[in-house]
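The structure under discussion appears below in the form of structure tokens.
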Amino acid sequence: MLIKFFYTLRAAKLPVSVKEFLTLLEGLRAGVIGADGVPTIDDFYYLARTTLVKDEAQFDKFDRAFAAYFKGVELLTDFTKDVPLEWLRKHLELELTPEQKAAIEKMGWEELMETLKKRFEEQKERHEGGNRWIGTGGTSPFGNSGYNPQGIRIGGQGGQKSAVKVWEQRAYKDYDDNLELGTRNIKVALRRLRRFAREGSDLELDLNDTIHKTAANAGMLDIRMIPERHNKVKVLLLMDVGGTMDEHVHRVEELFSAAKTEFKHLEFYYFHNCVYDFVWKNNRRRFAEKFPTWDIIRKYNKDYKLIFIGDATMSPYEILQAGGSVEYNNEEPGAEWLQRLTHAFPKYAWINPEPQGVWQYRQSIALVQQIMHQRMFALSLAGLEGAMRLLSK
Numbered sequence: 005m006l007i008k009f010f011y012t013l014r015a016a017k018l019p020v021s022v023k024e025f026l027t028l029l030e031g032l033r034a035g036v037i038g039a040d041g042v043p044t045i046d047d048f049y050y051l052a053r054t055t056l057v058k059d060e061a062q063f064d065k066f067d068r069a070f071a072a073y074f075k076g077v078e079l080l081t082d083f084t085k086d087v088p089l090e091w092l093r094k095h096l097e098l099e100l101t102p103e104q105k106a107a108i109e110k111m112g113w114e115e116l117m118e119t120l121k122k123r124f125e126e127q128k129e130r131h132e133g134g135n136r137w138i139g140t141g142g143t144s145p146f147g148n149s150g151y152n153p154q155g156i157r158i159g160g161q162g163g164q165k166s167a168v169k170v171w172e173q174r175a176y177k178d179y180d181d182n183l184e185l186g187t188r189n190i191k192v193a194l195r196r197l198r199r200f201a202r203e204g205s206d207l208e209l210d211l212n213d214t215i216h217k218t219a220a221n222a223g224m225l226d227i228r229m230i231p232e233r234h235n236k237v238k239v240l241l242l243m244d245v246g247g248t249m250d251e252h253v254h255r256v257e258e259l260f261s262a263a264k265t266e267f268k269h270l271e272f273y274y275f276h277n278c279v280y281d282f283v284w285k286n287n288r289r290r291f292a293e294k295f296p297t298w299d300i301i302r303k304y305n306k307d308y309k310l311i312f313i314g315d316a317t318m319s320p321y322e323i324l325q326a327g328g329s330v331e332y333n334n335e336e337p338g339a340e341w342l343q344r345l346t347h348a349f350p351k352y353a354w355i356n357p358e359p360q361g362v363w364q365y366r367q368s369i370a371l372v373q374q375i376m377h378q379r380m381f382a383l384s385l386a387g388l389e390g391a392m393r394l395l396s397k
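This note's numbering numbers the first residue of the sequence shown as 5 and each following residue consecutively.
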């Protein structure tokens, strides 16, 4: 069983080595987990993650592979039934023609959630390749590895990037703000937003005035000091993390690192896919240390420049529907919170790391662009310069 688990992790593109796998087996033989010699699946999860995963950035990918292999995925909605793992095994890849894809009907939100409840009550066995039951490889809106424009992904890996709900709890990693940039282009672009002023108690030498006063004193040295120049611009950075943003981690870290260098007054928070009623600062403690979005709006003055960083790639329900979040049942649609934020901070922009050529094919990107009043810019040199020009007006 564990050999298949090892190959499952490798298939999920996790850099797991044979040596690390042997360390895991050694730990199991030594009985390092489990009270009274009986380890639980949670015990094994933490031991496996500790021995096999070398980088926190891989936690999310590991969680998904682990959940799909051992026990499906953990429930995040109000349902109480477990999904048998065998229902979620992938044995074939579904290939549909464009005409067949166009013929698949989308369910509405209420119908989708109600139908899933009924499937839990009715289904007794695994299904594959169908259009009704929870399974794999078909056109059903419930399961994985098939095709449906707006379904609930249960287990497996996302492919269409359009799931309404993702039935699992996932771990994200904070963006690294100490990354050494290979180019100065991002910093140069961000400097368009700087506004310097001399204030505070930190002093630096005023060379010109020192020379002038020394000359006026017939050569008697007269050192003059002035307050140090600081960038007065205040920036509030809200960053999407996890899921489809995993593809853009390096570029976002470059931008985050540059922003930390260029702006003395920088505040940042994380969100996933869309902003709702809370954000967080530490991805390890994102459920334990929440910051209500209303508090963010009240805490910072409207002179802060609001910058969103995210690919805006999600199900449209996450933006338009109460309860549409893939992770929990939000009471208000994401669009409401985006509008509140942009109203509270009149100088705002959205930076999108997704290639601009695909924006027109993503319904969610079009919705966010509309809410942002078209203030969406690509994560490129030209895009950053355009965003900074807009924010500096």
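The beta-carbon is built from N, C-alpha and C at its ideal position, and this holds for glycine as well.
Residues near residue i by beta carbon distance below 6 angstroms, same chain, minus five either side
i: G390; result: F381
i: N277; result: M318 and E322
i: F272; result: L241
i: V57; result: F66
i: G31; result: L51
i: L79; result: In this predicted model, L79 has a pLDDT of only 33, less than 50, meaning its place in the structure is not dependable enough to derive any value.
i: K351; result: K309 and L395
i: L6; result: none
Between the CA atoms of residue j and residue i - distance to the nearest angstrom
i: L28; j: L51; result: 7 angstroms
i: Y280; j: Y304; result: 18 angstroms
i: F349; j: K309; result: 7 angstroms
i: I45; j: P337; result: 35 angstroms
i: M243; j: Y274; result: 5 angstroms
i: H95; j: K23; result: Only weak support is given to the placement of H95: the predicted model assigns it a pLDDT of 44, under 50, and the value that follows is read from those uncertain coordinates. Roughly 29 angstroms separates the two Cα atoms.
i: P19; j: S329; result: 30 angstroms
i: I215; j: K306; result: 42 angstroms
i: L394; j: L194; result: 12 angstroms
i: D59; j: A292; result: 22 angstroms
i: S368; j: K397; result: 28 angstroms
i: Y73; j: H252; result: 26 angstroms
i: A370; j: D299; result: 28 angstroms
i: R379; j: R53; result: 41 angstroms
i: M249; j: A219; result: 60 angstroms
i: Q360; j: A386; result: 12 angstroms
i: G247; j: V36; result: 32 angstroms
i: A222; j: I301; result: 57 angstroms
i: Q343; j: V245; result: 20 angstroms
Candidates the options: closest to residue i by CA position
i: K285; options: K23, F295, V20 and L209; result: F295
i: L324; options: V237, K236, Q374 and F25; result: Q374
i: I227; options: K236, D213 and A292; result: D213
i: E266; options: G328, F10, M392 and F48; result: M392
i: L26; options: A16, F9 and A15; result: F9
i: H347; options: A61, H377 and I230; result: H377
i: L345; options: E24, I7, V372 and F63; result: V372
i: R290; options: W363, A326 and Y332; result: Y332
i: T12; options: Q360, R68, P320 and G246; result: R68
i: R366; options: L6, L385, Y352 and P320; result: P320
i: V237; options: I301, K268 and V245; result: K268
CB of residue i within 8 angstroms of CB of residue j, strictly
i: D315; j: N287; result: no
i: M224; j: D210; result: no
i: A34; j: K65; result: no
i: W354; j: F312; result: yes
i: F63; j: Y49; result: no
Close Cβ partners of residue i (< 7 angstroms) along its chain, the five nearest in sequence each way excluded
i: I190; result: E258, L259, A262 and L388
i: F282; result: K294, F295, P296 and T297
i: L270; result: V239, L241, A263 and K264
i: A339; result: I323, L324 and I375
i: T55; result: E24, T27, L28 and G31
i: K217; result: D226 and R228
Residues of its chain near residue i, where Cβ-Cβ distance is below 8 angstroms and the 5 sequence neighbours each way are ignored
i: W341; result: C278, V279, Y280, D281 and T297
i: G38; result: T44 and D47
i: R255; result: P357 and L383
i: R14; result: V20
i: N334; result: Y280, D281, A326, G327 and G328
Quick check on the DSSP output: what are the complete beta strand (DSSP E) runs of length 3 or more inside the stretch 233 to 281, in order along the chain? 238 to 244 and 269 to 275
If we require 4 or more residues per run, which alpha helix (DSSP H) segments fall completely within the stretch 19 to 55? 22 to 33
What are the start and end residues of each continuous alpha helix (DSSP H) run of 4 or more residues lying completely inside the stretch 341 to 389, in chain order? 367 to 375
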